[in-house]
Ligand SMILES: Nc1ncnc2c1ncn2[C@@H]1O[C@H](COP(=O)(O)OP(=O)(O)OP(=O)(O)O)[C@@H](O)[C@H]1O
Ligand SMILES: Nc1ncnc2c1ncn2[C@@H]1O[C@H](COP(=O)(O)OP(=O)(O)OP(=O)(O)O)[C@@H](O)[C@H]1O
Ligand SMILES: [Mg+2]
Ligand SMILES: [Mg+2]
């Protein structure tokens, strides 16, 4: 059911209070608003950057400590090491799932479908609360540090959005930190702009990709994008980049424990292949096809899993969720520790002079060529190198150039199957979980597999398996998430190499096309499952044969007269759950006239405050009074991510119910209208481009008062 | 006057012919359309890429040949060299200005204001014709090869747009190459999408910046941007990158004469400073302020110059234009050759082992440390290094790292003043001219000046003057063009260095803010001068106090009845020059009803073809006939960049004038409407976001037939 979601409105309600407030404000005030907006953008950048640094630092330290301890113990006993490894992972995952289930249920999963929904115009309750933020931060640390097959990038996007929303309202609603100087941000429109900034900041922080962040936000919110917003979003992303970079510089001096070793995603492949010959395009296209197929399969499997979890497993209560997560943690640990034990070790390759790659690496350190369960000191275990390692390092190893023949086909295949299964199973457990890094792991594994065959087939020198691994990663993400430009730019930014852009585009194009043949993107599927009705950017094909009137069906429009009895309001509001009602007035000559649209939330504010109740059923201006200005604009603002006032909380005396309210000063006097036989395609474009919530379908007009063309909108100063 | 401009319509006219054609088409046809769209995107990419390669190749070869010849001659006589240098430049510029004035007048200038206008919704006649394309290509070669203070990047954007538009209509309209399979692109909407692709391709080709190209197109057309378009635009840009790269690879083998030496902009600064300390931020901010001031001054001066040229100088005829351009060419040559003669030469610095920089460079080759008019063989002339050189190499020298103290403050200052003046004077002559490269030259000069002071002030080792030059370039472009994100990304892509992104942003932010305090951006100012009424993305402040009705003023709406006499049509069309007319019908009960909007261009097609004339003044459906389908949709398409049919060309017999036409099948049955008292801000948003041309202002509706919310727009398949 759609009862937990509610639409947002990008429109400004130009009611009387709004116009009063506008009139009071001068140019100076506008400058002040701009200043505050930029200041908030700065704060969002700093906040998100710091949150990202904190998460990375914690994860790296937990993971580093875990692996060094395990390596120490397995010098003596592999079994004891195994137990310790499982136990540490279990504790971390347990803490994460405990935080999520008992404290911040809205923080589970990646959060991107919900944020996507928010930017598309749907408010899911609870996603932007302070407790969600906290849960997300600490939950991510536990789940990623605990070695589950999930990433911390998706959650960071959610974290960025939370930070933005909280800053915009001056802190948590519950603890009433709302300060006066923030009252300028009173509309849902401003809040959505802030969340857009936060979302971009999250991507920028997750991947250290400021441009990618902007484009990500852009691809999601293209409909009401404005140039000024673009610049502000970009500013926020750049601030994030600066913060993260400063923190990393500070960490390089050894202030942050294990952090220096891994952490922020940058898989520099600058030493690798930069050129490509035309015959390589075929295997690359093949990678694209695999990516599309595996990605679509991933979406489908996770959809079934989530469906089953929501409707069956998770209904059984919190305890089941906790047990489930712990079970998955134990299985993951067992597989990642156990499987490499069955691999035969490989002798180290001849060390090149200045490649900087040690074989085997020093025990307990991150890096290539892990020596694990090997007889000889000069050997390494190729499966352990990717499986018994942090994900960041595994990816770095898969991407690495100049390490041809490091992995065996058998090892990569084993890893691919196991990790794919783990990723599918883990998806949807009650922990914060991103799909970006697992996707890169899966993709780069089969990419490297293809690369191995290409290397041995073409027998050329300058072909690098690592480049194919990168393309594989891009193809899987393209096949699963179906993002285009932003994904492309993110891949370029995390590999810090502009030269591979055309190749990445090629595989993305193919994998997206292949994936689209089967199902929708991961986030869209998940959003649909969560009953978040996303409006796509393009109207459906059959809409061109429908009219606006047909879309409304045989509705009986619920409307209010201009002056309405309180008891009527209450009964009408009770009788349905619409959120917007047209207001109709009768002129002297008895004709009706639609004078505007009133929102349920505004009606509830009026009912609660009661100051506008009047005894007479006449409109206030006809009684010679001025229109009342008893309300501040900010009173009408609905608190973020919550239901707002409920009718049940308002108590009415019998006298109250006999009073009247004149709605004229509070309604939106000019909602957008469409004539009844406009084709639904055009209606859709209007609705979606302007970010509307309600659109009135009206009869054809009887006459035209004027024509507006471009010339009429160019005002001379 | 605005008589040469006409608005474009992003709306689809859903008239009867359109709906007929839609109904005939199945899903297969839709697939075909998509295929053709992508194929066209591919062609646009290839075409623009090849055009860019051709221009670069020619310019490089002309310039290379010019400089080697001059260097050869000055071994014997400086005076003879001077004459030859002037003469070659003169011939090149003369050919350029001749092509422009006599063959393709629409190709003068950068073309970006016009393209910006086109994407904003205004069609300037002649900008997208075949002859404009040819003129632009060959004109650019002449003007840039001739050493004027202008660049070839702006023209490339225009070239990309022309190619896109011509491909979209299957060739030149004049030579009727229009092929059947392109008839799918019949609306202005499709054409505008194509031009968007072409515009991005142009930027991508000019700067080898695919992402920058996408963002450039995006910043200009944010209003009707759609995700699918984004992906297509990106694809086109990437194709351009591939084409250019392939061509350059081919040229590296020595197939293209001088081309290997310079050519496509990539000023790699990867060897330079990558880090910055906090005390450097102050001089960097200072650069931003200078950039804002100088940029705003540049805009203002060029505005005066262009104003004067348009209203006074260029009115005197073609000959004046040609003489003017030649004069400027001679002056430019004289200054760039003469001024370095007055400089004292500097001894070469100690060569570092593997810096790869020779001092002095071999004569006649491009590069750093030009030996010009020096006594000693081991000396160089710092002014000649930037002035007596191609602009690409001059910029490369200004950006170069590890060459501290190469330039003297005096030399740089001289160059700054002279070049700034030249750039201002050259702007607006009748040759194709971009402002990007001159802007970079100016900016990097003062940037390097500031850098010199920083180096000598802070006395740290890792500060590079080249980095400051880059920041200076960004600041000047920001202060003059006021682009934001796209400029930033372009700067990053042409320097191939992601690490300086935050710094570039900082200076851009400052210089844009400073510049905005004085005037509008270069392109906006120029567009205003050319009477191109750009709609900004944000409504003006005072619009919130106006209503739609007030914007229309006291218009007397010119409308048509449904069935109208031909003579009436003719007289109404003659009496005004509106392009859209509401059509009003009378119902049986005598009430009027607005049934749609008819465009002047459609009326003219009807009048010309005459097949729809009827004798009876009754609507056709009331006579029991079916609606006529005598027209193909493509007949209604206005040819690109031309006035279309004129009323004067149609001949009427007296019988014709007594006939009637039923307009119902041809009108747009559902134009967008707004109620009369909607605030102009909202009207503006609607108009601009949907890319409209006409908007009907109507009375408030009497009743509401239905409400459309998000739920009604989510159709289940
Ligand atoms: N005032 C109204 N009178 C009659 N039908 C309405 C009214 N408002 C909405 N509807 C219809 O009711 C159905 C459910 O919409 P719903 O009531 O959930 O809209 P809403 O709550 O106002 O907006 P949203 O749910 O998007 O926040 C839709 O088909 C819509 O067209
Ligand atoms: N049919 C009409 N009747 C009366 N006034 C009109 C009509 N159409 C446009 N106008 C008004 O005439 C003025 C000039 O507009 P103009 O006639 O140039 O519009 P247009 O030619 O239809 O559109 P554009 O010039 O943008 O292509 C504007 O103020 C506009 O509101
Ligand atoms: Mg609802
Ligand atoms: Mg006009």
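Residue numbers (our numbering), protein chains in the order written: chain X, 1069 to 1785; chain B, 1069 to 1785.
We treat Cβ as the ideally placed atom computed from N, Cα and C, and that holds for glycine.
For clarity, every value in this text was computed on a predicted model and none was experimentally measured.
DSSP places residue 1520(X) in the helix class (H, G or I) of the three-state scheme.
Sixteen is the threshold: when 16 or more other Cβ atoms of the shown chains lie within 10 Å of the Cβ of residue 1298(B), as they do, the residue is buried. Spanning the alpha carbons of residue 1538(B) and residue 1303(B) requires a straight line of approximately 29 angstroms.
Residue 1556(X) and residue 1713(X) have their alpha carbons spaced roughly 44 angstroms apart. Where residue 1775(X) is concerned, the enclosing beta strand (DSSP E) starts and stops at 1774 to 1776. Straight-line spacing of the CA atoms in residue 1669(B) and residue 1098(B) works out to 27 angstroms. In the three-state DSSP reduction, residue 1653(X) falls in the strand class (E or B). The beta carbon of residue 1496(X) sits closer than 6 angstroms to those of 1373, 1374, 1377, all from its chain and outside the five residues before and after it, given in chain order.
Not flagged as an interface residue toward chain B: residue 1089(X), since no C-beta distance is shorter than 8 angstroms.
By the CB criterion at 8 angstroms, residue 1752(B) and residue 1611(B) fall inside the cutoff.
Restricted to the region 1156 to 1243 of chain X, the alpha helix (DSSP H) segments that are unbroken, complete and at least 4 residues in length are 1180 to 1188, 1198 to 1213, 1221 to 1236, listed in chain order. Taking 7 angstroms as the cut-off, one finds no heavy atom of ligand 3 near enough to the beta carbon of residue 1128(X). Not flagged as an interface residue toward chain B: residue 1486(X), since no C-beta distance is shorter than 8 angstroms.
Here residue 1472(X) has 1523, 1533 as same chain residues with Cβ atoms under 7 angstroms from its own Cβ, once five neighbours each way along the sequence are excluded.
The C-alpha of residue 1452(X) lies about 14 angstroms from the C-alpha of residue 1149(X). Close partners of residue 1773(X) in chain B (Cβ separation under 9 angstroms): 1616, 1617, 1620, 1623, 1625, 1744, 1764, 1765, 1766, 1767.
For residue 1718(X), there is no enclosing beta strand (DSSP E), as DSSP marks it with neither H nor E. In terms of beta-carbon proximity, residue 1269(X) stays away from the interface with chain B, with every pair separated by 8 angstroms or more.
The Cβ of residue 1755(X) sits closer than 8 angstroms to at least one Cβ of chain B.
For residue 1256(B), the enclosing alpha helix (DSSP H) covers residues 1256 to 1275. Of all alpha-carbon atoms in 1320(X), 1489(X), 1499(X), the one lying nearest the alpha-carbon of residue 1382(X) is that of 1499(X).
Per the C-alpha coordinates, the member of 1781(B), 1552(B), 1593(B), 1747(B) positioned closest to residue 1082(X) is 1747(B). Using a Cβ-Cβ cut-off of 8 angstroms, residue 1610(B) counts as an interface residue toward chain X, since at least one Cβ of chain X sits closer than that to its own. Judged by DSSP in its simplified three-state form, residue 1579(B) adopts helix.
If you look at residue 1666(X), you'll find it in the beta strand (DSSP E) that goes 1660 to 1667. In this structure, residue 1648(B) has its beta carbon less than 7 angstroms from a heavy atom of ligand 2.
Counted as a single uninterrupted DSSP element, the stretch harbouring residue 1738(B) is not any alpha helix (DSSP H), since DSSP gives it neither H nor E.
Within the DSSP bridge table, the entry for residue 1730(B) names 1631(B) as partners. The residues 1650, in chain order, have a CB closer than 7 angstroms to that of residue 1625(X) in the same chain once the five nearest residues on each side in sequence are set aside. Each of 1166(X), 1615(X), 1762(X) was checked against the Cα of residue 1392(X), and the nearest Cα belongs to 1166(X).
In its chain, beyond the 5 residues on either side, 1186, 1187, 1229, 1232, 1233 have a beta carbon closer than 7 angstroms to the beta carbon of residue 1263(X).
When secondary structure is reduced to three states using DSSP, residue 1623(X) falls in the coil class, being assigned neither helix nor strand. For residue 1443(X), the nearest beta carbon of chain B is not closer than 8 angstroms to its own beta carbon. Using a CB distance cut-off of 8 angstroms, residue 1208(B) does not count as an interface residue toward chain X. Assignment of residue 1766(B) by DSSP, reduced to helix, strand and coil, places it in the strand class. By the beta-carbon neighbour count (other beta carbons within 10 angstroms, threshold 16), residue 1348(B) is buried.
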